[in-house]
Structure formats: structure tokens, C-alpha cells
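**Q**
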Ligand SMILES: NC(=O)c1ccc[n+]([C@@H]2O[C@H](COP(=O)([O-])OP(=O)(O)OC[C@H]3O[C@@H](n4cnc5c(N)ncnc54)[C@H](OP(=O)(O)O)[C@@H]3O)[C@@H](O)[C@H]2O)c1
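Okay, structure coming up:
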């Protein structure tokens, strides 16, 4: 267990709450070293020993590492002084320099987890702005490993791009699943069967990719020169990959422009 105190502003939300829960479940730190805040007060995490406060400055003063897990539009009103502290921001679209300017933090880590933190299956790339010693870097990595896998990246722009890729978590698979089901229904397949088939493809069959190389899998299935080959060739001719590229660029440009109101 670490001896540092971690504070999570917005520690009762989807991301903040999931990270708090996972840090305790994985025994990263004792509950008394976890401080969380929100505006509305009471939350079940407080019953597990974490300290819930409504004063963000109190949280900052008590913490060695301050995580900001509020929505981007709420950042401007936080009004905290984090002089000498390291802030880890989960907020999409807010540059590290803006966070330093508003909080006086000595270092800012921009991290981009996704909704799968809830099941400890997120991928979290993170970027460090300013000086961060090896102990705190290792703490950041370990914290995000509590909710899946994590890796440091060397350019802040990568975080904006990855916000549109891994930051979207289940969104692309959900779009694929609904498209498969809708099209099957239009083709006359009963709705319940269409839903089962689409869910199997996206959620269950795709588990094979956890241990197999995706390109080798495509090559092997296309090698039968039958149904799968015809279906995938139609996707390729429809410029599937280019469409994915445009979608990622579109999301990344929103992240780069910033989401602050
Ligand atoms: N959800 C995702 O898939 C995802 C993926 C990547 C990145 N992110 C980023 O993660 C951040 C959080 O997203 P989320 O989905 O977890 O949002 P969320 O569920 O709405 O959680 C936000 C939390 O912040 C609290 N909060 C708001 N204003 C506050 C303030 N002034 N002081 C203290 N607490 C405050 C809210 O509680 P009260 O209302 O009680 O104050 C709430 O618990 C966002 O910046 C987003 O860009 C989210």
C-alpha cells in the first residue's frame, strides 16, 4: 500500500467514483488516505471509510496527488490553489497549461480513461506536463492499473487524439452492435434473434481477440473465400477504414479546440 493521500474532486461521479472504488478494492491505499469531494454531499463511498468533503480546497490541502474528475464545463468554477501539488486531470479538452494557470499546480498529468473503469477494463494513456518525480509517476501508473491498463505518452496532442479513440470506450462497439441488429431486423430477422446475434459478435466472439492477433484473425477468416470474405470486402469497398479515420479526426479536433463553455 502507498502512504500518500489521494484526493479526487468529483470522486463520486462515473469515472472518479469507479477509480476511487477500484483503488480501495485493489488495496492501493488505505481508505483513510482517500479524500473525495462533490457538491451534493452523501455517497456510499464514505461508508467504506473514504473521507467525503464538500470543500475542494480542503481536499487539495490534504492530498499529495489531486485528481480532477469533474466535467470540463465545471472546471472554471473550481477555484482551487494547488501550489506545489501535482494535479491529474481526467477532463477532456482542457490543456495542461490552462490547468496550471488556473490552479498554480507545479505539474499536471492529463489522463484519458474510459467508461470501462467501472469494470476495471479501461485503457488510460497519460501525459505529464512539468516536473514529476519517479515516485509520483509510478503512483499515477499504479492508480490507473487499478482500473485496467495504462501507459505514459510523450505528447499532449496524443491525449486529444486518444480521447476520440480509447476515451470513447464502448461507444464504437455500441454503434456497431446497434447497426448489426437494426440491419438484421430490416432484413426480416426477428428482433430478439437479431439482438442476440449482434451482441454475440460484438461482446462475446470478440473475446477471441484478447489473445489472438486481429489481422491474423481477419486473414484466417477471409482465407475461406466465402461468406466472411464477401462481407468484409464490401466494408473495405465502402471505405470503412477511411470513415474510422474521419471519425477519429473529428473527435480529436473537438478535444483540441476544448470543451470549456
Ligand atoms: N464518462 C466517460 O466515459 C469519460 C471518458 C473519458 C474522460 N471523461 C472525463 O471525465 C470527467 C468526469 O466524467 P464523468 O462521466 O465521471 O462525469 P460525472 O459522472 O458527471 O461525474 C462528475 C462528478 O463531479 C462532481 N462535481 C461537479 N462539480 C463539482 C465541484 N464543483 N466540486 C466537486 N465535485 C463536483 C459531481 O457531483 P455533484 O453533482 O454532487 O457535485 C459528479 O460526481 C469529465 O471531465 C470527462 O471529460 C469521461
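Numbering (this note's numbering), first residue to last: 32 to 292.
We treat Cβ as the ideally placed atom computed from N, Cα and C, and that holds for glycine.
Going straight from the alpha carbon of residue 39 to that of residue 189, what length do you get?
**A** Rounded to the nearest angstrom, the two C-alpha atoms are 24 Å apart.
**Q** For residue 191, count the other beta carbons within 10 Å of its own beta carbon; 16 or more makes it buried, fewer makes it exposed. Which is it?
**A** Under this definition residue 191 is a buried residue.
**Q** Using the beta-carbon count (16 or more within 10 Å), is residue 292 buried or exposed?
**A** Bear in mind that the predicted position of residue 292 carries a pLDDT of just 43, short of 50, making it unreliable; the figure below should be weighed with that in mind. By the neighbour-count rule (16 or more Cβ atoms within 10 Å), residue 292 is not buried but exposed.
**Q** So, with DSSP's three-state summary, where would you put residue 285?
**A** In this structure, residue 285 counts as helix in the three-state DSSP scheme.
**Q** At the level of alpha carbons, what is the spacing between residue 157 and residue 236?
**A** Distance between the alpha carbons of residue 157 and residue 236 is about 30 Å.
**Q** In the DSSP assignment, what are the bridge partners of residue 82?
**A** BP columns for residue 82 point to 66.
**Q** Identify, in the order they occur along the chain, each residue of the same chain with its Cβ nearer than 6 Å to the Cβ of residue 184, setting aside the five sequence neighbours on each side.
**A** 156, 158, listed in sequence order.
**Q** Ordered along the chain, which non-local residues of its own chain (more than five positions away) have a Cβ less than 6 Å from that of residue 172?
**A** Correct list, in chain order: 181.
**Q** Residues in the same chain with beta-carbon distance under 6 Å from residue 64, minus the five sequence neighbours each way, listed in chain order, please.
**A** Correct list, in chain order: 36.
**Q** Would you kindly report the start and end of the unbroken alpha helix (DSSP H) that includes residue 56?
**A** From DSSP, the alpha helix (DSSP H) with residue 56 extends over 45 to 56.
**Q** From what residue to what residue does the beta strand (DSSP E) around residue 155 run?
**A** Residue 155 -> beta strand (DSSP E) spans 153 to 160.
**Q** What are the boundary residues of the beta strand (DSSP E) that residue 96 is part of?
**A** Start and end: 96 to 99.
**Q** What residue from 98, 92, 73 has the CA that sits closest to residue 54's CA?
**A** Comparing Cα-Cα distances from residue 54 to each of 98, 92, 73, the minimum goes to 98.
**Q** Would residue 77 pass as a contact of residue 286 if the rule is Cβ separation under 8 Å?
**A** Result no, Cβ atoms of residue 77 and residue 286 do not sit closer than 8 Å.
**Q** Give me, in chain order, the residues of the same chain whose beta-carbon lies closer than 7 Å to that of residue 46; leave out the 5 immediate sequence neighbours on both sides.
**A** Once the five neighbours on either side are set aside, the close Cβ partners of residue 46 are 100, 121, 144, 148.
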